[in-house]
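Notes follow the structure.
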Amino acid sequence: MCSSAVGRWWRPFGIVGEATVFHVDLAPHAAHEARASEWLNAEERVRSDRYLHAGSRRRFTLCRAALRAVLCSRLACSGQQLTFGTSSYGKPFARVDEMPNRISFNVSHGGSHGLIAVAPHGRLGVDIEERSTRDDLSSLTDAVLGPSEEREFALLRGYRRTHFFFRMWTLKEALIKALGVGFSQDPAKFEVPLAVRRGAKTGMHRFPNLPQTEWRVDDLGTGDFAAAVAIEASPRRSQMSSE
Ligand SMILES: CC(C)(COP(=O)(O)OP(=O)(O)OC[C@H]1O[C@@H](n2cnc3c(N)ncnc32)[C@H](O)[C@@H]1OP(=O)(O)O)[C@@H](O)C(=O)NCCC(=O)NCCS
């Protein structure tokens, strides 16, 4: 699937438990974009063409093509054999020859960076955000942070405040994406584990309304972006249904 002349725009970024995380370079690149769009199927091309904004089209195309390459390699199948279905909340899952496959994956894209996490089974979620020094962070905290997190945020200034906010945002979004139920899980109604809020790179989490499942959550942030991955610690048999 990958031509050495064009090269790859994704690379292994880390291993977290059973999951492998790939970084996807989403910066404008004509040759990568041309190659990536060749790998999409008819349905994905229609979706790509619907994006009015060139940046959104590029991010979707480069990430989906990289996801296809990663999954085809793992599943030893061709691009024609691989299709995607979606849960009722829109979380994609893989099909090979029309049969749902238990391989677990999740994708996030923002700005010039994307992440793909893939594991043999179990639910997982990933999130990446470029940190922006926006003035309205305080107006977003009610929607994103829980009470203790809000108090901790209020004590911070300057870049520490920005880093804390985007760290919490990506950790929570990764957990929500692992659960797979979108906005129906309110990020302000749960808090990131205390040790992780205080700087630990990894911790264990339970949603207060869904205490039966434990999740591992890892901060994958770098100087360039905030990022996180969340992985079901005791995977259920199927990743495709939600709690
Ligand atoms: C889809 C959603 C889960 C993530 O959206 P986002 O942050 O804008 O976008 P990301 O780039 O991180 O992720 C998009 C990818 O997530 C995947 N995705 C779509 N629906 C999903 C779902 N319900 N659960 C998990 N992953 C989902 C898709 O692969 C999508 O990529 P694609 O469209 O290229 O296939 C979002 O719409 C959502 O529901 N968020 C709720 C969480 C929230 O309130 N966040 C606020 C800050 S904590």
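For the sequence shown, this note's numbering assigns the number 1106 to the initial residue and increments by one for each residue that follows.
From the three backbone atoms N, C-alpha and C, an ideal C-beta is built for every residue, glycine too.
Just so we're clear, the structure is a prediction, and the values are computed from it rather than from any experiment.
Please report the residue range of the beta strand (DSSP E) in which residue i lies.
i	result
E1234	L1229 to E1234
I1281	Segment G1263 to L1284 is the alpha helix (DSSP H) holding I1281; no beta strand (DSSP E) there.
H1310	T1307 to F1312
A1110	Counting along the chain, A1110 falls outside any beta strand (DSSP E), and DSSP gives it neither H nor E.
R1303	Note, R1303: premise wrong, no beta strand (DSSP E); not H, not E.
So what's residue i in DSSP terms, helix, strand or just coil?
i	result
L1187	strand
P1292	helix
W1115	strand
R1162	helix
A1332	strand
L1315	strand
E1399	What is shown of the chain runs 1106 to 1348, which leaves residue 1399 out entirely.
A1181	coil
E1348	Since pLDDT at E1348 reaches only 44, below the 50 mark, its modelled position is unreliable, and no value is offered.
P1225	coil
Using the rule of at least 16 other Cβ atoms within 10 Å of the residue's Cβ for burial, across every protein chain shown, is residue i buried or exposed?
i	result
N1314	exposed
F1210	buried
L1172	buried
Q1344	Its pLDDT being 42, under 50, Q1344 is placed unreliably by the model, and the measurement read from it follows with that caveat. The residue in question, Q1344, is buried, as its Cβ has 16 or more Cβ neighbours within 10 Å.
L1220	buried
P1225	exposed
I1336	buried
K1306	exposed
V1121	buried
K1294	exposed
R1150	exposed
H1158	exposed
Distance, Cα to Cα, residue i vs residue j?
i	j	result
E1138	F1127	18 Å
L1261	F1118	30 Å
K1282	L1167	20 Å
G1227	M1309	15 Å
E1257	F1312	20 Å
H1214	P1316	29 Å
Y1156	L1145	15 Å
V1322	L1242	23 Å
R1116	L1180	18 Å
S1192	F1198	8 Å
G1112	E1255	44 Å
C1177	A1333	24 Å
R1342	R1207	Residue confidence is low: R1342 scores 46 on pLDDT, short of 50, so the model does not pin down where it sits. Its coordinate-derived value is still stated next. One C-alpha to the other measures close to 9 Å.
T1188	E1319	30 Å
F1288	G1216	22 Å
R1265	A1259	11 Å
G1184	F1165	17 Å
E1348	A1110	For E1348, the pLDDT reaches just 44, beneath the cut-off of 50, and the residue's location in the model is therefore unreliable, although a value from the coordinates is still provided. When rounded, the distance between both Cα atoms is 45 Å.
S1346	L1229	The predicted position of S1346 is uncertain, since its pLDDT is 44 and thus under 50; no value can be drawn from it.
S1339	G1285	16 Å
E1235	H1218	8 Å
P1298	F1270	15 Å
Measure the beta-carbon distance from residue i to residue j and round it to whole angstroms, keeping in mind my assumption that it falls under 8 Å.
i	j	result
D1232	A1279	4 Å
A1331	R1272	6 Å
V1201	C1182	5 Å
A1222	A1124	5 Å
P1292	V1249	5 Å
E1296	S1253	6 Å
Under DSSP, the alpha helix (DSSP H) around residue i begins and ends at which residues?
i	result
H1137	A1135 to W1144
S1213	Per DSSP, S1213 belongs to no alpha helix (DSSP H); it is in the beta strand (DSSP E), S1209 to G1215.
R1152	A1147 to R1155
T1246	L1242 to V1249
When every heavy atom of ligand 3 is checked, does at least one fall within less than 8 Å of the C-beta of residue i?
i	result
D1232	In terms of ligand content, the structure shown lacks ligand 3 and carries ligand 1 instead.
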